[in-house]
Every structure is written in structure tokens, then in C-alpha cells.
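A.B. asks: Sharing a structure with you now.
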Amino acid sequence: MIVASSAAYAMHEGDALRLLCDIDSASVDAVITDPPYCSGAMRMADRFKPTKRKYINNGTKHVAPDFDCDFRDHRGFLAWSSQWLSECRRVTRPGGVLLVFTDWRMLPTLTDAVQSAGWVWQGIVVWDKTPACRPQLGRFRSQAEFIVWASCGLMNPKAHPVTPVGVFATGTAPREKRHQVGKPLALMEHLVKIVPPASTVLDPFAGSGTTGVAALRAGHRFIGMELSPWYCDVTKQRLADNT
């Protein structure tokens, strides 16, 4: 259901797979989203732990609540991702773009899902979280996360001749985070540069609304979807504050 709307945005509360069915075909220009990774655990039993135990450093206080649907194994993640990515492709105009966050564990599975849903895989953007990310003794730092990007059919580079960098380095200030795994606003503002002016940007996993804020600041219209009522309220306020 729509819980907040204006000329610049529409915010929906509920399950993305159900909500996407109500969006008209070929009605958005870009899908930029950060779905549950279903990662953050080396053992199957650990997948069912609260997300704050999987994704937040020990001793770190965070007021944001846990989020749902982060427990799938690789096959479940592939099947689920293929479903919502297929719906996203249906609602995207020809030539539109898709950007989806993931980590190293789920990167191969996500790229399979993107292609099985009919998108044309264009490459990977790297988010360098900088050395501020947590170290692991005897291991390389997990210093990067990834954005798989693709297009709905062929792209026309002349329609929006930009060249944003493919590796973006920025840390996440604790005061900026409104979600346990929220992304920096500077990163999202960089990613929306790939979207042509005055477009409609869809985020079916809006979280705390950072994609929406970046889209609005860039002059785009935003459609957001979020399952959690708590995070939906956070997003509603942030969208209102940026219009």
C-alpha cells in the first residue's frame, strides 16, 4: 500500500514481490537497490541469527531494528532474486539500468539471477569501504562490496553520455547510518549519475531511504518499497525532508 506520496515520490509498505505486480510495465527508468544479502554467516545455522549479530561489530550500539528475509541459502536466494529481478525488468523501460548491491559470497549467485531474469549484465562497480572497515586477524580485509549493474536490453550511450568511475571509495559515518547495513549517501549520489535527467528511479528494498534521497536531490522521481514499518517511517520522513 502507498503510505506517502507527492509529485516527486511514492512510498509503498509491503512485500516487494507483491507490490511490484501493481507497477505498470515499462514505467521506470532505473532500478537501484540494496536487497538482503543472505550472507554474513559462514555456517547455515548462523544465517538465522538476528541481523545485528551478523552485520554489526561487537560492542557497537545501533538503534535500528533487525530486518527480515536475510536467511536464504544460495539456491533459495537465486530463486527469490530471479523472481523480483524479473518483475523489475518488466517495469523498466527499454535501455533502463539496474544496480544491485551484494558482497563477495553472493556475487556469483546474484549475477546468475540478473541474467536469468533477462537483464543484460554490463559489469560490476566496486564500493571501497576504505581501511575503516573491520579487520580480520590472518585474513585480507573485507574492504569492498559490489554493485552488479545491467540494462534492460541495449543501452544508448549517446542518450546520457556520462563516465562515472567504477570504483568509489567512501566510509560510512556512524551518525549517518539509519539502517544496520545502510549505504553512504555520497555513494548513492554517485551511482545515480548513470541515470538520465528527470528519470523515475525504483528501489524495491528501500530500507532507510538513502537511494530515494539521492534520487530526489538529482532531480529524479522516486518509487520506494519497504517491508518493515519502522524503516518505512524513516524513509517517509527523509523523503519529505528532501522535497
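If you're matching positions, the sequence shown starts at 1 in UniProt numbering and goes up one per residue. Glycine is no exception: its CB is placed at the ideal position from the N, C-alpha and C atoms. Every value quoted in this text rests on a predicted model; they were computed, and no experiment measured them.
(1) Could you tell me the alpha carbon to alpha carbon distance between arginine 18 and alanine 7, rounded to whole angstroms?
(2) Whole angstroms are fine: how far does the CA of threonine 235 sit from the CA of threonine 243?
(3) Please report how far the alpha carbon of tyrosine 231 lies from the alpha carbon of serine 199, in whole angstroms.
(4) Apart from the five residues on each side of it in sequence, which residues of its chain come closer than 6 Å, Cβ to Cβ, to histidine 12?
(5) Since alanine 30 and valine 201 should fall inside the 8 Å C-beta cutoff, what is the C-beta to C-beta distance between them, to a whole number of angstroms?
(6) Can you give me the start and stop residues for the alpha helix (DSSP H) that methionine 188 sits inside?
(7) Tell me whether cysteine 133 counts as near the ligand FAD, meaning its Cβ is closer than 7 Å to at least one heavy atom of that ligand.
(8) Quick check on this structure: which residue in Ser142, Ala159, Asp73 has the alpha carbon closest to the alpha carbon of alanine 132?
(9) Between which residues of its own chain and threonine 60 is the CB-CB distance below 7 Å, once the five residues before and five after are set aside?
(10) For phenylalanine 140, is the classification buried or exposed, using 16 other Cβ atoms within 10 angstroms of its Cβ as the cut-off for buried?
(11) Quick one: using the 10 Å Cβ neighbour count with 16 as the cut-off for buried, is proline 229 buried or exposed?
(12) Which of helix, strand or coil does DSSP assign to phenylalanine 168?
(13) Residues in the same chain with beta-carbon distance under 8 Å from alanine 10, minus the five sequence neighbours each way, listed in chain order, please.
C.D. replies: With the structure as the only source:
(1) Their backbone Cα atoms lie some 23 Å apart in a straight line.
(2) Counting only the Cα atoms, threonine 235 lies some 13 Å from threonine 243.
(3) Cα to Cα, tyrosine 231 sits roughly 24 Å from serine 199.
(4) Beyond the five residues adjoining it in sequence on each side, histidine 12 comes within less than 6 Å, by CB distance, of Ile2, Leu19, Met225 in the same chain, given in chain order.
(5) At roughly 5 Å, the Cβ-Cβ gap stays under 8 Å, so alanine 30 and valine 201 are in contact.
(6) Residues 185-191.
(7) Inclusion of the ligand FAD in the displayed structure is not the case, the ligand content being empty and no account of it being possible.
(8) With distances taken between Cα atoms, alanine 132 lies closest to Ser142.
(9) For threonine 60, the predicted structure reports a pLDDT of 43, less than 50, and the residue's modelled location is therefore unreliable. A value from the coordinates is still provided. Cβ within range, chain order: n/a, list empty.
(10) With fewer than 16 Cβ atoms within 10 Å of its Cβ, phenylalanine 140 is classed as exposed.
(11) The residue is exposed, with fewer than 16 neighbouring Cβ atoms inside 10 Å.
(12) Three-state DSSP puts phenylalanine 168 in a strand.
(13) Within the same chain, and ignoring the five residues on either side of alanine 10 in sequence, the residues whose Cβ sits closer than 8 Å to its Cβ are Ile2, Ala4, Phe222, Ile223, Gly224.
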